[in-house]
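Notes follow once the structure below has been shown.
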Amino acid sequence: MSEKNTVNVSAAAPRKFKRKSQLEMVWIRYRKNKLALFGLVVFLIIVIVSISTPLFIDYKEQVIKQNIMDKFQTASAAHPFGTDQFGRDVLCRLLWGARYSILCGLGVMALSLSVGAVLGASAGYFGGAYDQIIMRILDVFFAIPMTLMAISIVAAFGNSIPNLIVAISLGQIPKMTRIIRSSVITLKDQDFIEAARACDTKKSRIIFKHILPNAMGTLIVEGTLTMGKSIILIAGLSFIGMGIQPPAPEWGAMLSEAKNYMLNYPYLMYAPGIAIVLTALSITLIGDGLRDALDPKMKN
Amino acid sequence: MAEKLLEIKDLWVEFKTDDALVHALNGVNLTVNKGEAYGLVGETGAGKTTTCKSILQLLPERVGKITNGEILFEGKNIPDFTEKELEDFRGSKCAMIFQDPMTSLNPVLTVGDQVAEEIELHNPGMSKEDIDKRVDDMFKLVGLLPERKGEFPHQFSGGMKQRIVIAMGLACQPDLLLADEPTTALDVTIQLQILKLMKDLKEQMNTAMIMVTHDLGIVAKICDRAGIMYAGEIIEDGDIEDIFESKYHHPYTVGLFGSIPDLTVKTDRLNPIQGLMPDPADLPTGCKFHPRCPKCYEECVNVEPKVYQLSPSHMIKCHLFKDIKEGGNE
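Protein sequence lines, in the order shown, are assigned to chains H and A.
Last residue of the first sequence? That's 300 in this note's numbering, and every number before it is there in order.
Last residue of the second sequence? That's 1330 in this note's numbering, and every number before it is there in order.
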């Protein structure tokens, strides 16, 4: 106790500022939000699982190999989540399925965020005819329901994973662009942007260094929401047979197969259903926590 | 005679909005010599900030336009500058300090980064350590601890933010500094410190300065020359002695001085100039001040006054002085 007091007194003489790195500060603020922390843990587990599954699961042997003798077994030590109508282990399939969701989710987020940021920021900053042209074209896309558009693109170009990512991103880009554009418009008339122009910062630098970091909160929340949404959308597409096709253990496809046996073997639906919800939820929670943590104006 | 740094000749600026054509500047003439502080005084809406923004070519795109006149910086017309010349001009030859320190710093960048950016942009190839050292020097110069450069703008008080803004303005040692009401957002004690700082810096670095302000006290304290602005034109211009000591003044200047409360005389009410600034979208005919002028007569309503040179340094734009012309302060 007494030691603490003396430290406080002597600290007044040579002022030392304890310096924490940017990342440390973000982490300290993020840590305070317990729900976000929960989301992060769940998400990390899912990511680790999706990366590491090939190490301990053999796709040919354990994931898609049919074994009719073992069909519809309930939970046991050998098959913790039971087996499905072809005798395949549900847990193995579930773990493998995480890869599809995470890959597609990240792909959609990256694509729609980068296209949306470039289009939205330039439209908002330059305004005028350029803005009008871009926004009117995007309005056309906006008018088509997202799922419908994804279905038609997949139907036209085939249902490979890159096609799926593009199809779903196209539905997200207009909204993303709109959000980024509106935050750029409110930011660009701020005094500090004018100050940046007064010391002749280049336009691209103003947009990417001065404006976009200020819109980062919105960007991150939108990005993560988009990721969560697109995971659900992919599952939905696979559920109606337009996405990733069986026998690949995509969660939506697993649900779709399980629905035929729903009345007799409902446990088959629990695993993929809960996995989808948990993934989407954890990502949304992370987005929420990050928005607060990244804002340097938030009081500690 | 001092060397001319900036000369504005008959500058007209219009803002075209959807419902009106706003005449923001109507023939501004002013000269700033090297190393000299020029005070620009006037009511809100007189065109002081517009003048500064015109110099830096920062008028809002598509809305604001220079319709006539020249802005000569070291003899070259700024509106004719190419993109490249403008790059060279902004920041390194001419910098601006904005009115409100609360909003003119980017909230998501550390203050050190913001000062460093300015130095980096105008000294390409400068090493990271040199930039760092320069930032430290700038912080010390404006009386801030260099250790705090890693902090964000919201962690500073208003007066400190204003110092940072000044540090940014001076970081590249510009020849001309446009200070747009740099002390309006501050209280009087900080105001004094900042003004003292600016005066010292001006003397140390030999920077010319245009000081935009409402406050004649500030002009008296740090400026060498001053111009009184009204409705987009400079109606009186002169050395600081001309503005404060001469017995001839534009009626508007008389009104401005009249509205400053006097410490030695007991009064119950302040003594403002009657009326309001004219709507710049609908300016009066003749002399733009005539609806408010106590000495207005017929000619003022119909004929725009000429500029009368009362002494080599002192000029007034008012009909009352046409008979005096060149006679000095007699």
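Every residue gets a Cβ at the ideal spot worked out from N, C-alpha and C, and that includes glycine.
Being a predicted model, the structure only gives us computed values, none of them experimental.
CA-CA distance, Pro272/H to Met254/H, rounds to 7 Å. Distance from Ile144/H to Ala167/H at the Cβ level is roughly 12 Å; contact not present, criterion being Cβ atoms closer than 8 Å. Here DSSP, grouped into helix, strand and coil, assigns Gln66/H to coil.
Interface annotation, Gly1069/A: not in contact with chain H, CB-CB separation never under 8 Å.
No residue range can be given for Ile1273/A, since it is assigned to no beta strand (DSSP E) and is classified by DSSP as neither H nor E. Along the length of the segment 158-184 of chain H, whole alpha helix (DSSP H) runs at least 4 residues long do not occur.
Take the alpha-carbon of Lys175/H and the one of Arg29/H: they are about 29 Å apart.
In this structure, Met242/H keeps its C-beta atom at 8 Å or more from the C-beta atom of Asn163/H. Bridge pairing for Asp139/H: absent [DSSP].
Of the residues assessed, Asp1237/A falls on the buried side of the cut-off, its CB having 16 or more other CB atoms within 10 angstroms. Straight-line spacing of the CA atoms in Met1205/A and Gln1173/A works out to 7 Å. Looking from the CA of Glu1304/A, the closest CA among Val1135/A, Leu1310/A, Cys1318/A, Ser1313/A belongs to Cys1318/A. In the structure shown, the three-state DSSP call for Gly1169/A is helix. Here Ile193/H carries a helix assignment [DSSP, helix/strand/coil]. Taken atom to atom, the span from the alpha-carbon of Gly287/H to that of Thr1050/A is near 43 Å.
For Asp191/H, the nearest beta carbon of chain A is closer than 8 Å to its own beta carbon. With contacts defined as CB atoms closer than 8 Å, Val1022/A and Ile1008/A fail to qualify as a contacting pair.
Residues of the same chain with a CB within less than 8 Å of the CB of Gln172/H, apart from the 5 flanking positions on each side, are Val108, Ser112, Gly116, Met146, Thr226, Lys229, Ser230 in chain order. Cβ-Cβ distances below 7 Å link Leu294/H to Val26, Met216, Gly217, Ile220 in the same chain, with the five nearest sequence neighbours on each side left out; the list follows chain order.
The three-state secondary structure of Cys1300/A, taken from DSSP, is helix. Residue contact check for Arg197/H against chain A: a CB pair falls below 8 Å.
In the structure shown, Glu250/H falls within a coil segment according to DSSP collapsed to helix, strand and coil. For the segment 1103-1116 of chain A, the set of residues with a beta-carbon nearer than 9 Å to any beta-carbon of chain H comprises Thr1103, Ser1104, Leu1105, Asn1106, Pro1107, Val1108, Leu1109, Thr1110, Gln1114, in chain order. For Gly1217/A, the number of other beta carbons within 10 angstroms of its own is below 16, and it is reported as exposed. A check of alpha carbon separations from Ile1273/A across Ser1259/A, Pro1284/A, Thr1285/A identifies Ser1259/A as the nearest.
At a cut-off of 8 Å between beta carbons, Asn264/H makes no contact with chain A.
Proximity of Leu1072/A to chain H, defined by a Cβ-Cβ separation below 8 Å, is not satisfied.
Near chain H, meaning a CB-to-CB distance below 9 Å, the residues of the segment 1113-1137 of chain A are Gln1114, Glu1117, Glu1118, Leu1121, His1122. The straight-line gap separating the alpha-carbon atoms of Ile57/H and Ser169/H is approximately 31 Å.
A distance of 8 Å or more separates the beta carbons of Ile1194/A and Gln1155/A. Taking 4 residues as the minimum length, the alpha helix (DSSP H) runs contained wholly in the segment 1043-1074 of chain A are 1048-1055, in order along the chain. Less than 8 Å divides the Cβ of Ile1240/A from the Cβ of Arg1225/A. Using a Cβ-Cβ cut-off of 8 Å, Gly1091/A counts as an interface residue toward chain H, since at least one Cβ of chain H sits closer than that to its own.
Under the three-state reduction of DSSP, Leu1186/A is assigned to coil, being neither helix nor strand. Inclusion of Ala123/H and Ile134/H in the CB contact set at 8 Å is warranted, their separation being smaller than that value. Taking C-beta separations shorter than 6 Å and ignoring five residues to either side along the sequence, the partners of Cys1296/A in its chain run His1290, following chain order.
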